[in-house]
Amino acid sequence: MLPSLFDAPTTATERGEKNESILVSRAIMLPSIFIYQHVYIILERRSVMWGFTIGRLFGIPVKLDVTFLLVLALALVGGVQVFLLIIILFGTVLYHEFVHSLVARHYGVRIEAITLFPLGGLSQMEEIPREYELRIAIVGPLSNLLVAAVLYVAAMAAGSAPTMTVTLDSLSYLDAFFSINLILGAFNLVPAFPLDGGRIFRHLLAQRMDYTSATKLSVRIGQAIALALAFIGAIYNWFLILIAFFIFISGRGEMTLVSTKEALEGRTMADIMRDMPPALSPEDTVEDARAMMEEIKEQVLPVVSDGILVGIVHAGDVSSVKPFLRESARVKDIYDDVPMTSHPASPADEIFQTIEQKRIDVVYVVEESTPIGVVYKRDFELLTTLST
């Protein structure tokens, strides 16, 4: 049966076996929190570009986040059993994400990559059309439950049913594969963001109310579930508090995303843009850039040559130049490419969706090659606050 996180062991032998079982069950459960592509949690503010590609599946890049090195280190010190368990665990997570991605691509959604973190998987894709959200969300957990069902039937036909007890000292790969798929599939059906169940529940609610109201209600229910988990965790096991924390934060992030898009609906970039800040020339010194940033209190400045936007300079670029070199170093030596430009008539909600996906902090509004305004990510968030 499933090793309990709550029952107290009574003997030393039982404690040893139970600790191993709990260790495995924790390793199985935690990644299931981070399965769907819109994961707005602590990871939301950190770029997922710090990683490396390990291969492609049907043209979809598969990446390991740099923090995945922690998992590899655990595999090295844990021995063969831990290594094989990690392979089964993250292979199952990758399968789950891959099914999501294939179905999304079938409906015309562009897939950038699948990235594996120590805490699970992340499918990076463009915005999903609402009419396909249910199908794309539900196929992930159903695929895991299908694998678990096939394994169970096959094992029964062979005369021995798989169990949910997984220990490192007597690891059964069939039991591990069965357990991970069953837990991953079932847990992701819980109606709480960022789990697939939260999106399924939101889609069903949206059949009876507007999308924003459906999101608010599903987020609140998910956060209520998180609070219940936290209460149980405070009594029995701290690990449930960790799960509750991530669910609660993720729900808030989803609500912010939907509220911002609602506030931007019907607006263009021309409606919300600021005036262009003072621009740097490629021939200006790095010290000029530092002084201008300090004067106008901005962390990023445009670089314009002959009236055309050619790049941007971040405060970090300036800081990377040693102070005694800033009078001689030129802006042209340190500026970055412009991450994104927009036409004044571009829909603001679509631009916001793009900068969220690509982790962009600033968009310059350009008309006939001439920059006429700028919108920072904080401007989108401020507009949402004012609208609320």
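Going by our numbering, the first residue of the sequence shown is number 250, and it counts up by one from there.
Just so you know, even glycine gets a beta-carbon here, dropped at the ideal spot from N, CA and C.
For T302, the enclosing beta strand (DSSP E) has its first and last residue at G300 to L306. A residue is called buried when at least 16 other Cβ atoms come within 10 angstroms of its Cβ; E605 meets this threshold and is buried. With contacts defined by Cβ atoms closer than 9 Å, A475 and I492 form a contacting pair. By the Cβ-count criterion, E346 is buried, with 16 or more other Cβ atoms from all chains shown falling within 10 Å of its own Cβ.
In terms of Cα proximity to P310, the closest of L351, P390, Q602 and I545 is L351. Among the bridge pairs identified by DSSP, M374 is matched with I360. Using a Cβ-Cβ distance cut-off of 8 Å, the segment 511 to 528 and the segment 564 to 572 are not in contact, since fewer than three pairs of beta carbons, one from each stretch, lie closer than that value. By the beta-carbon neighbour count (other beta carbons within 10 angstroms, threshold 16), S409 is exposed.
For L431, the uninterrupted alpha helix (DSSP H) segment begins and ends at Y422 to F436.
Leaving aside the five residues that flank V468 on each side, the residues in its chain whose CB is nearer than 7 Å to its CB run, in chain order, F442, G500, E503 and M504. Pairing R608 with L391, the inter-Cα distance amounts to about 31 Å.
One Cα belongs to S577, the other to V348, and the distance between them is close to 54 Å. If you draw a 10 Å sphere on the C-beta of A483, you find fewer than 16 other C-beta atoms in it, and that means exposed. Your pair V567 and L529 does not check out as a contact, with CB atoms roughly 10 Å apart and the cut at 8 Å. With contacts defined as CB atoms closer than 9 Å, T590 and Y613 qualify as a contacting pair. Taking C-alpha positions only, K546 is separated from R451 by approximately 41 Å. Comparing alpha carbon positions, the residue from L319, A398 and T302 closest to L313 is T302. The continuous beta strand (DSSP E) containing L558 extends over residues I557 to H563. A straight-line Cα-Cα distance of about 13 Å links Q330 and L423.
V623 is the residue among V553, T464, V623 and Q456 whose C-alpha sits nearest the C-alpha of H592. Taking a C-beta distance under 9 Å as the contact criterion, R579 and P527 do not qualify as a contact pair.
The C-beta distance from I621 to M525 rounds to 7 Å, short enough to fall under 8 Å.
Rounded to the nearest angstrom, the Cβ distance from L365 to F317 is 6 Å, consistent with a contact under 8 Å. Secondary structure note for T619: its beta strand (DSSP E) is the uninterrupted segment T619 to Y625. Taking 9 Å as the cut-off, the beta carbon of N437 is found closer than this to the beta carbon of L444.
Bounds of the alpha helix (DSSP H) holding I545 are V535 to I545.
Of the residues assessed, G560 falls on the buried side of the cut-off, its CB having 16 or more other CB atoms within 10 angstroms. Residues of the same chain with a CB within less than 7 Å of the CB of P367, apart from the 5 flanking positions on each side, are T316, F317, L319 and V320 in chain order. S618 counts as exposed, since fewer than 16 other beta carbons sit within 10 angstroms of its beta carbon. Counted as a single uninterrupted DSSP element, the stretch harbouring L529 is not any alpha helix (DSSP H), since DSSP gives it neither H nor E.
When the five nearest sequence neighbours on each side are left out, the beta carbons in the same chain lying within less than 8 Å of the beta carbon of E630 are those of T505 and T509, in order along the chain.
M458 and E511 have their C-alpha atoms spaced approximately 15 Å apart. Sequence-distant partners of Y584 (beyond 5 residues in either direction) whose C-beta falls short of 6 Å from its own C-beta, in its chain, are V552, G560 and V562.
Distance from the CA of M541 to the CA of V535, rounded to the nearest whole angstrom, comes to 10 Å. Within the DSSP secondary-structure output, R579 pairs in a beta bridge with T534.
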